[in-house]
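Novice: Residue numbers (our numbering): 7 to 401. This is the structure, below, for whatever I ask next.
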Ligand SMILES: Nc1nc2c(ncn2[C@@H]2O[C@H](COP(=O)(O)OP(=O)(O)O)[C@@H](O)[C@H]2O)c(=O)[nH]1
Ligand SMILES: Nc1ncnc2c1ncn2[C@@H]1O[C@H](COP(=O)(O)OP(=O)(O)O)[C@@H](O)[C@H]1O
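What follows is the structure in structure tokens.
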């Protein structure tokens, strides 16, 4: 019947056939990526195995990012030389498109850092959404105060990225609202597993932005605000997250010291540490190319107005445009093909009903692992109401 299996697969067929469940395999460069199968007794989970054609060996890669939840059936197709599109059938619109990154910039960096084979998951998102806002500045300058004010005025526009930290909570701080207060060993482990967009040691404690913290806000249709230090801002700048970077300065060093003491949340030793670090941060804030805007927080009202202008929230500006998502569902019986950055998804339907063909434009992808791949545009193609595609007219 069909063609003989290539020798490199026959040699390793035992390994291959050990995998069960719904699987797909795609070739990118010299490697075959097998997605799906059983893992730890869990059916249909998105496990990954790689067959390296140049060495005829199976590789088990380090898998970074949050992987898709299991589903009964999926299909996959390479989009280009650095990522594979994975389509989950019969799942919600916002969960059906995923990317397995095999050689993107992030994956290349991680391969160097970890010294292993690496792949990374990122979830596909339709549209681009508003850019997240990174706010940095020395301790006591008023970042928290400005952010609270903005969020109070525009509660449905902004959402706060709740960071993780190993520092102890202050009196009025609430776990999950101001920070996720966490153990150092747990946080270090999660960082190693690629769950964090960035992390840094600040004033002797570990702080970090988890991918989920940013995406939870963005997925809810809100614009994400991150309050992070300059090291964190630098990491985010180097990541796939496209954001606006704003540095907040005090009117003077003396005023900064006054505010920090007046807040009364730190011991004298901690205040001293924060003031020492503030000098370094104020210097770093001037680093070329790091911050898009620098604001001086002298008068709170004035500074907040400036911030709103930057974020186009002044009365003259257009409101921020949010993406609209059409309801799409990929059926169990579907076929997928790719050509020139355009993916066609042919979804079978109930007997007698015409199929639905979706066109997915992947020509302007943004972001990616760790996090979400944005810029997708998927819509159904309007089909003529003839039998051409049902294959009835064969005469
Ligand atoms: N890199 C990084 N810095 C963070 C994060 N969360 C908070 N920070 C920064 O850590 C520093 C200390 O924060 P905090 O302990 O709340 O003290 P405060 O700045 O004096 O209010 C501030 O500069 C924050 O911007 C994070 O997730 N990542
Ligand atoms: N423009 C301002 N003028 C005077 N005090 C301010 C101003 N902005 C913030 N503050 C006060 O300074 C202190 C530090 O502000 P906070 O928002 O906690 O700083 P950060 O989050 O940058 O550490 C707070 O007590 C706050 O009320």
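Backbone N, C-alpha and C define an ideal beta-carbon position, used for all residues, glycine too. Predicted model only: the values in this text are computed from it and were never measured.
Unbroken alpha helix (DSSP H) runs of length 4 or more, entirely within the region 60-134: which are they?
Specialist: Runs found: 111-120.
Novice: Would residue 131 pass as an interface residue toward chain B - the criterion being a Cβ-Cβ separation below 7 Å?
Specialist: Checking the listed chains, one finds no chain B in this structure; it contains a single protein chain.
Novice: Using the beta-carbon of each residue, find all residues closer than 5 Å to any heavy atom of ligand 2 and list them in chain order.
Specialist: In chain order, the qualifying residues are 145, 146, 147, 148, 149, 150, 151, 265, 269, 303, 306.
Novice: When you compare the CB positions of residue 213 and residue 142, do they come within less than 7 Å of one another, or not?
Specialist: The sequence position of residue 213 within the chain shown is 207, counting from 1. The sequence position of residue 142 within the chain shown is 136, counting from 1. Cβ atoms of residue 213 and residue 142: not closer than 7 Å.
Novice: What residues in its chain sit with their C-beta under 6 Å from that of residue 140, if we drop five residues either side in the sequence?
Specialist: Taking the chain shown and counting its residues from 1, one reaches residue 140 at position 134. Correct list, in chain order: 232, 239, 242, 249, 251.
Novice: Report whether the distance from the Cβ of residue 108 to the nearest heavy atom of ligand 1 is below 6 Å.
Specialist: For the purposes of this step, residue 108 is identified with residue 102 of the chain shown, where counting begins at 1. Outside the cutoff, so no.
Novice: Output needed for residue 343: all residues of its chain with C-beta closer than 6 Å, excluding positions within five of it in sequence on either side, in chain order.
Specialist: Within the chain shown, residue 343 is the residue found at index 337, counting from 1. Counting only Cβ-Cβ distances below 6 Å, and skipping sequence neighbours, we find 350.
Novice: Tell me the DSSP secondary structure of residue 21 in three-state form.
Specialist: What you label residue 21 is simply residue 15 of the chain shown in a count that begins at 1. Here residue 21 scores only 47 on pLDDT, less than 50, and its place in the model is too uncertain to base an answer on.
Novice: Can the beta-carbon of residue 131 be found closer than 7 Å to that of residue 308?
Specialist: Here residue 131 refers to the residue found at position 125 when the chain shown is read from its first residue. Here residue 308 refers to the residue found at position 302 when the chain shown is read from its first residue. No, Cβ-Cβ distance for residue 131 and residue 308 is not below 7 Å.
Novice: Return yes when the Cβ of residue 94 is within less than 7 Å of the Cβ of residue 127, no when it is not.
Specialist: Against the chain shown, residue 127 aligns to sequence position 121. Against the chain shown, residue 94 aligns to sequence position 88. Against a cut-off of 7 Å, the Cβ pair of residue 94 and residue 127 comes out as no contact.
Novice: In this structure, how does DSSP classify residue 388 when only helix, strand and coil are distinguished?
Specialist: Taking the chain shown and counting its residues from 1, the one referred to as residue 388 is at position 382. Residue state, collapsed to three classes: coil.
Novice: Just reading off the alpha helix (DSSP H) that residue 223 is part of, what are its end residues?
Specialist: Within the chain shown, the letter at position 217 stands for residue 223. 217-225 is the span of the alpha helix (DSSP H), which, as asked, contains residue 223.
Novice: Out of 61, 369, 339, which one is the CA nearest neighbour of residue 355?
Specialist: Residue numbering aside, residue 355 sits at position 349 when the chain shown is read from its first letter. Ranking 61, 369, 339 by Cα distance to residue 355 puts 339 first.
Novice: Cα separation between residue 229 and residue 62?
Specialist: Taking the chain shown and counting its residues from 1, the one referred to as residue 229 is at position 223. Taking the chain shown and counting its residues from 1, the one referred to as residue 62 is at position 56. Taking the straight line from one Cα to the other gives about 47 Å.
Novice: Hey, would you say the C-beta of residue 214 is under 6 Å away from at least one heavy atom of ligand 1?
Specialist: Looking up residue 214 in the chain shown gives position 208. Checking the Cβ of residue 214 against ligand 1 gives yes.
Novice: For residue 28, which residues of its own chain have a beta-carbon under 7 Å away from its beta-carbon, when the five flanking residues on both sides are left out?
Specialist: As a working note, residue 28 is residue 22 in the chain shown. Correct list, in chain order: 42, 50, 78, 79, 80.
Novice: Return the residue from the list 253, 388, 313, 318 that minimises the CA-CA distance to residue 293.
Specialist: Within the chain shown, residue 293 is the residue found at index 287, counting from 1. Closest option to residue 293, Cα to Cα, is 253.
Novice: For residue 368, which of helix, strand or coil comes out of DSSP?
Specialist: Working through the chain shown from its first residue, we reach residue 368 at position 362. In the structure shown, residue 368 sits in coil (DSSP, three-state: anything other than H, G, I, E or B).
Novice: Work out the CA separation of residue 196 and residue 367 for me, nearest whole Å.
Specialist: The residue labelled residue 367 in the question sits at position 361 within the chain shown. The residue labelled residue 196 in the question sits at position 190 within the chain shown. Taking the straight line joining both Cα atoms gives about 33 Å.
Novice: For residue 342, which three-state DSSP category applies?
Specialist: Within the chain shown, the letter at position 336 stands for residue 342. If DSSP states are grouped into helix, strand and coil, residue 342 belongs with the strands.
Novice: If you drop the 5 nearest sequence neighbours on each side, which residues of the same chain put their C-beta closer than 7 Å to that of residue 4?
Specialist: As shown, the chain starts at 7 and ends at 401. That puts residue 4 outside it, with no answer to give.
Novice: May I ask you to check if the CB of residue 234 is nearer than 6 Å to at least one heavy atom of ligand 1?
Specialist: On the chain shown, residue 234 is found 228 positions in, with the first residue counted as 1. Yes, Cβ of residue 234 sits closer than 6 Å to a heavy atom of ligand 1.
Novice: Does residue 308 come out as helix, strand or coil in the three-state DSSP assignment?
Specialist: As a working note, residue 308 is residue 302 in the chain shown. Looking at residue 308 - three-state DSSP - the assignment turns out to be helix.
Novice: Name the residue from 108, 302, 310, 187 whose alpha carbon lies nearest to the alpha carbon of residue 57.
Specialist: If you number the chain shown from 1, residue 57 lands on position 51. Nearest option by C-alpha distance: 108.
Novice: Buried or exposed: residue 192, going by 16 or more other Cβ atoms within 10 Å of its Cβ?
Specialist: On the chain shown, position 186 is the one that residue 192 refers to. Counting Cβ neighbours within 10 Å, residue 192 comes out exposed, since fewer than 16 surround it.
Novice: Between the Cα of residue 287 and the Cα atoms of 147, 88, 118, which residue gives the shortest distance?
Specialist: Residue 287 sits at position 281 when you count from the first residue of the chain shown. Of the candidates 147, 88, 118, the one whose C-alpha sits nearest the C-alpha of residue 287 is 147.
Novice: Start and end of the beta strand (DSSP E) containing residue 32?
Specialist: Residue mapping note: residue 32 aligns to position 26 of the chain shown, counting from 1. First-last of the beta strand (DSSP E) with residue 32: 29-34.
Novice: Who are the Cβ neighbours of residue 114 in its own chain at under 7 Å, not counting the five residues just before and after it?
Specialist: As a first step, residue 114 must be located in the chain shown, where it is residue number 108. Answer for residue 114: no residue qualifies.
Novice: Rounded to whole angstroms, what is the Cα-Cα separation between residue 401 and residue 99?
Specialist: Locating residue 401 in the chain shown gives position 395, counting from the first residue. Locating residue 99 in the chain shown gives position 93, counting from the first residue. The predicted position of residue 401 is uncertain, since its pLDDT is 45 and thus under 50; a value taken from the coordinates is nonetheless stated next. Spanning the two alpha carbons is a distance of roughly 39 Å.
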